[in-house]
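Notes to accompany the following structure.
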Amino acid sequence: MAQIANEFVLQLIRLMGVTSTKGALIVPMATGMTLSLCLSSWRTTKPSAKYIIWSRIDQKSCFKSILCGSYEPIIVELVKDKNSDALRTNVEAMRSIIRGRADQILAVLTTTSCFAPRAPDDVVEVAKLCEEFGIFHLVNNAYGLQSRRVVRLLEQAKTEGRIDAFVQSTDKNFLIPVGGAVVASFEKANVDRIAQFYAGRATSIPSSDLVITCLELGRSGWRDLILGREDLFDVTKKKLQEFAEEIGEDVLEVPDNKISLAMTLKTIPAEKQTLFGSVLFARAITGARVVASTIHKKAIEDYDFVNFGSHTSEQHVGYLNIACGIDSMQKPKTLVYTVYRLEMGPNDAQSLCSAMARQATCLCPCRRAYPLELLV
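If you read the sequence shown in my numbering, its first letter stands for residue 263, the second for the next number, and so on.
What follows is the structure, given as C-alpha cells:
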C-alpha cells in the first residue's frame with residue numbers, strides 16, 4: 263500500500279506542475295515534524311553545522327521544526343517590496359550570513375505558501391545561493407502545489423540552482439484529514455535517504471486515504487480542482503476589492519501570492535480589530551483571520567517575535583486575511599460577502615462591525631448573544 267501511495271502522489275505532483283520530480287514519500291506526520299525529519303537526516307553529511315537560515319514566516323510549526331532538530335535558527339527578516347505591498351525574501355542578507363560561516367550552516371529553509379502580504383520566498387535566488395555555497399535547501403511547500411505560480415518557481419529553482427527537498431501537507435493539497443505530509447525531491451536518492459532515516463513503523467492511514475482520494479477524483483478531477491481554485495481566487499479578489507472600496511479600505515497588492523488575500527482594517531480602531539474577527543466567527547465566517555498590529559512579543563522557546571502573525575516586526579494598520587484553497591467552495595465565499603452586505607449600514611468598516619455586532623449570537627442552540635456591541 264505504501265509503495266502504491268508513493269507512486270500515486272509522485273504522479274499527482276507531476277500532474278500539478280512539478281514535472282521534474284523524481285521521488286515522493288508520504289509520511290504519517292504533519293508538515294512541521296516532516297521538515298524536522300528532513301533536516302535531521304542531513305546531519306551526518308555536515309556534522310559541524312549547527313545553524314539553519316530561516317526566512318521569517320509567522321507559523322509556529324515551521325520555526326519549531328528547526329528547534330526540534332536541535333539546530334539554531336538564524337532568522338532573516340523580510341523586506342518590503344518597493345513596487346507593491348508584498349513582503350519579500352532578503353536574499354542579500356542571507357548571502358552576507360553564509361559568506362561568513364558557510365561551514366557552520368546546514369541548510370536554508372524557505373516557504374512558498376503563506377498568508378498575504380507575505381509573498382512566496384524567492385526560491386530561485388535562494389537555490390542559486392545554496393548551489394554556490396554547497397548548502398542544503400529545504401522548501402516548506404505546505405499548500406503550494408495548488409498554485410501554478412509556485413510550481414513554476416520550484417521547477418525554475420531546480421533548473422537554476424539547488425532544492426534538496428520540498429514538503430507539502432496532505433490535508434491542504436490532497437483533501438484528506440490532517441496527519442500526513444509528502445516529501446518530494448528532484449533526485450530520488452534524496453527521498454530514499456530521508457525515508458531510511460525514519461525510525462520505526464507508523465500508521466498507513468494517510469497513504470490509504472490518499473490512494474482512495476486519487477481513485478475517486480482521477481486526473482481530470484484534480485485538474486478541475488486546480489483550475490476551479492484559480493477561478494475562485496479571481497472572483498474572491500474582485501469581490502473583496504469592490505467591498506473594500508465601499509467601506510474605505512484597500513486590498514493589499516501582493517502579485518506573487520495567488521492563494522491568500524488581505525484587506526486593510528484602518529477604519530477600525532487597533533484595539534478593536536481582533537473583536538472584528540470574533541464578529542465574523544459568530545456569523546459563521548470561520549475561515550477569515552484578523553491580524554492586528556501590536557508591539558507585544560510572542561515567545562517561542564528563547565526567541566521573541568514582535569507582531570507575530572504579520573511576518574514582520576514593522577507596524578501596520580491591521581488587515582483581514584482570506585485564503586482560497588482547493589477545499590474552498592463558491593458557497594462559503596459567497597456567504598462572506600452576503601453577511602457583509604446584509605449587515606452593512608453606513609459605508610465604513612466600523613459601522614459595519616457595529617451593525618453585525620448587534621445581531622451576533624452563538625451558533626449553538628443556546629443562541630446566547632455576544633457582547634460585541636463593544637465595537638461601537
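Even glycine gets a Cβ: it sits at the ideal position worked out from N, Cα and C.
Can you check whether the CB of residue j is closer than 7 Å to the CB of residue i?
i, j, result
"V370", "L415", "no"
"A264", "A378", "no"
"V413", "G279", "yes"
"T372", "V401", "yes"
"S447", "I521", "no"
"I456", "C300", "yes"
"T536", "A554", "yes"
"R380", "L349", "yes"
"K284", "E449", "yes"
Could you give the C-beta distance for residue i and residue j, rounded to a whole number, given that I count them as a contact under 8 Å?
i, j, result
"R357", "E339", "R357 to E339, Cβ: 15 Å. No contact."
"Y333", "K308", "The pair is not a contact, with the Cβ atoms about 11 Å apart (cut-off 8 Å)."
"L297", "S327", "4 Å"
"I397", "A364", "7 Å"
"S303", "F459", "4 Å"
Distance cutoff 7 Å, beta carbons only. Does residue i sit that close to anything in chain D?
i, result
"A267", "You won't find chain D in this structure, because it holds only one protein chain."
Can you check which of these residues, the options, is closest to residue i by C-alpha distance?
i, options, result
"W316", "T296, N352 and S346", "N352"
"S323", "V579, D518, G571 and N583", "G571"
"S375", "Y565, E504, F270 and Q321", "Q321"
"S346", "N519, R545 and F505", "N519"
"D486", "G285, D589, V444 and E394", "D589"
"M295", "G462, A443, A267 and G480", "A443"
"L391", "E422, Q366 and E417", "E422"
"V388", "E354, A286, A404 and Q366", "E354"
"F325", "D566, G539, F505 and P517", "D566"
"K344", "F543, E533, E508 and V516", "V516"
"K500", "V513, L489, R491 and I509", "V513"
"H399", "R411, P382 and A419", "A419"
Can you tell me which of the three DSSP states residue i falls into?
i, result
"K560", "strand"
"T526", "strand"
"W304", "coil"
"P468", "helix"
"N583", "strand"
"Y632", "Caution is warranted here: a pLDDT of 43 is assigned to Y632, below 50, making its placement in the model unreliable, and the coordinate value is therefore given only provisionally. Here Y632 sits in coil by DSSP."
"K342", "strand"
"F545", "The question names Phe, yet the displayed sequence has Arg at residue 545. Three-state result, R545: coil."
"F567", "strand"
"Q408", "helix"
"A446", "strand"
"L437", "coil"
"N402", "strand"
Within 6 Å: the Cβ of residue i and any heavy atom of the ligand ZN?
i, result
"S303", "The ligand content of the structure shown is nil, which means the ligand ZN is not present either."
TODO: Indicate whether the contact test is met: 3 or more Cβ pairs, each with one atom in the region 433-441 and one in the region 460-472, closer than 8 Å.
DONE: At 8 Å Cβ cutoff, the stretches touch.
TODO: Would you check if there are 3 or more beta carbon pairs closer than 8 Å linking the region 516-530 to the region 287-300?
DONE: Counting Cβ pairs under 8 Å, fewer than three are found: no touch.
- [ ] Kindly confirm or deny that the region 489-508 and the region 548-559 touch, where touching means at least three C-beta pairs closer than 8 Å.
- [x] Result no; under three Cβ-Cβ pairs closer than 8 Å.
Open item on the list: Between the region 564-584 and the region 332-351, can you find at least three pairs of beta-carbon atoms closer than 8 Å?
Closed with: With a cut-off of 8 Å on Cβ pairs, the region 332-351 is in contact with the region 564-584, counting three or more such pairs.
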